[in-house]
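Chemist:
In this note's numbering, the protein residues as written are 1383 to 1633.
#1: Is it the case that the Cβ atoms of residue 1467 and residue 1478 are separated by a distance below 8 Å?
#2: Between the segment 1424-1441 and the segment 1519-1530, do three or more beta carbon pairs fall short of 8 Å?
#3: Specify, as a first and last residue, the run of the alpha helix (DSSP H) that residue 1482 falls within.
#4: Who are the near neighbours of residue 1384 in its chain, counting only those whose CB is closer than 8 Å to its CB and skipping five residues on each side?
#5: Would DSSP call residue 1468 helix, strand or coil?
#6: Could you give the C-beta distance for residue 1595 and residue 1512, rounded to a whole number, given that I count them as a contact under 8 Å?
#7: Spell out a yes or no on whether the segment 1534-1546 and the segment 1484-1502 are touching, meaning 3 or more CB-CB pairs, one atom from each, closer than 8 Å.
#8: For residue 1397, which residues of its own chain have a beta-carbon under 8 Å away from its beta-carbon, when the five flanking residues on both sides are left out?
#9: Is residue 1554 helix, strand or coil when you go by DSSP?
#10: Around the Cβ of residue 1408, are there at least 16 other Cβ atoms within 10 angstroms (buried) or fewer (exposed)?
#11: Could you check what DSSP says for residue 1451 in three-state terms: helix, strand or coil?
#12: Starting from residue 1544 and walking both ways along the beta strand (DSSP E), at which residues does that stretch end?
#13: Do the segment 1576-1584 and the segment 1611-1619 touch if we need at least three Cβ pairs shorter than 8 Å?
#14: Could you check whether residue 1451 and residue 1562 sit closer than 8 Å to each other, using their CB atoms as the reference points?
#15: Measuring alpha carbon to alpha carbon, tell me which residue in 1538, 1487, 1424 is nearest residue 1567.
#16: For residue 1456, which three-state DSSP category applies?
#17: When the Cα of residue 1609 is compared with those of 1588, 1627, 1629, which residue comes out closest?
#18: Would you mind reading off the limits of the alpha helix (DSSP H) that contains residue 1541?
#19: Is it right to say residue 1573 is buried, meaning 16 or more other beta carbons lie within 10 angstroms of its own, or is it exposed?
#20: Below 8 Å on the Cβ atoms is my contact criterion, and I expect residue 1536 with residue 1554 to pass it. Report the Cβ-Cβ distance as a whole number of Å.
#21: Drop a sphere of 10 angstroms on the beta-carbon of residue 1623, count the other beta-carbons inside from all chains shown, and report buried for 16 or more, exposed for fewer.
#22: Nearest-angstrom Cα distance between residue 1603 and residue 1580?
#23: What is the C-beta distance between residue 1627 and residue 1482, in whole angstroms, given that I count them as a contact (C-beta under 8 Å)?
#24: Measure from the alpha carbon of residue 1533 to the alpha carbon of each residue in 1556, 1571, 1504, then state which is nearest.
#25: When you compare only the Cα positions, how much space is there between residue 1637 and residue 1517?
#26: Considering just the uninterrupted stretch of the alpha helix (DSSP H) at residue 1620, what are its terminal residues?
#27: By the three-class DSSP mapping on this structure, what secondary structure does residue 1440 have?
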């Protein structure tokens, strides 16, 4: 007696993550990947700044008697409040970190308008998206203008400068630094400049998005998701500035 057995191969289904892994579209997921990698870059810069800051001695005298180091033998790290104490139109007035605080407020406010633009996009309200995107762009450009003024003041220095080892120095550049160790100026230019490049890129992206909104591109697509993806980048730029402000200007 013979018998035959029929074997059937089980059907193997391949899981490909679906169209929306973690309920996010491919575009938003890729934006998150980029932001995480960019966060590592900023973290590396701020950690390097912290290490170098720790390697240099701090000013030990009373705050009211602080002056920039006058000898390379006693090269202490400057107090940020004494370096960034100028305000446009208030020449000679000591306003510690007031202008930097204003810059921070402007950038955070632009993040709020971006949130409102995203919310309006979810409701497909074209007019409101245009309004809030325009205000976001204005906020970004204003921040960049403020940063340009701050760089200009940092480079030109104070009216009296500082005499160090018999040489009078005004401001800071990549070769000499009125305010203290050369690495202080180098980190200032690199960290704030790197962040400024990100803000500039964000402004350009927002202008392109604003143009597409005005032209009705997203209405034709039936979705304003691009606003949300641009918003992720803009919020990241704002968040990074909070860390830069904390580490560089307050520590």
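All C-beta atoms in this analysis are idealised placements derived from N, C-alpha and C, irrespective of residue type, glycine included.
Modeler: Looking at the atomic coordinates:
#1: In this structure, residue 1467 sits near residue 1478, with a CB-CB distance shorter than 8 Å.
#2: no
#3: 1480-1504
#4: Reliability fails at residue 1384, whose pLDDT of 47 lies under 50, so the model's placement of it is uncertain and no value is given.
#5: coil
#6: 5 Å
#7: no
#8: Residue placement at residue 1397 cannot be trusted, given a pLDDT of 47 that sits under 50; what the coordinates show is reported in the next sentence. Here the set comprises nothing.
#9: strand
#10: exposed
#11: Coil at residue 1451, not helix or strand.
#12: 1544-1546
#13: yes
#14: Between residue 1562 and residue 1451, the C-beta gap is smaller than 8 Å, which places the two residues in contact.
#15: Nearest to residue 1567 by C-alpha distance, out of 1538, 1487, 1424, is 1538.
#16: The three-state reading of DSSP puts residue 1456 in coil, since its state is none of H, G, I, E or B.
#17: 1588
#18: Residue 1541 -> no alpha helix (DSSP H), and no H or E assigned at all.
#19: buried
#20: A Cβ-Cβ distance of about 6 Å is found for the pair residue 1536 and residue 1554, placing them in contact under the 8 Å criterion.
#21: With 16 or more other CB atoms across the displayed protein chains lying within 10 angstroms of its CB, residue 1623 is buried.
#22: 28 Å
#23: 7 Å
#24: 1571
#25: Residue 1637 lies beyond the range of the chain shown here (1383 to 1633); nothing can be said about it.
#26: 1607-1626
#27: Annotated three-state conformation of residue 1440 is strand, per DSSP.
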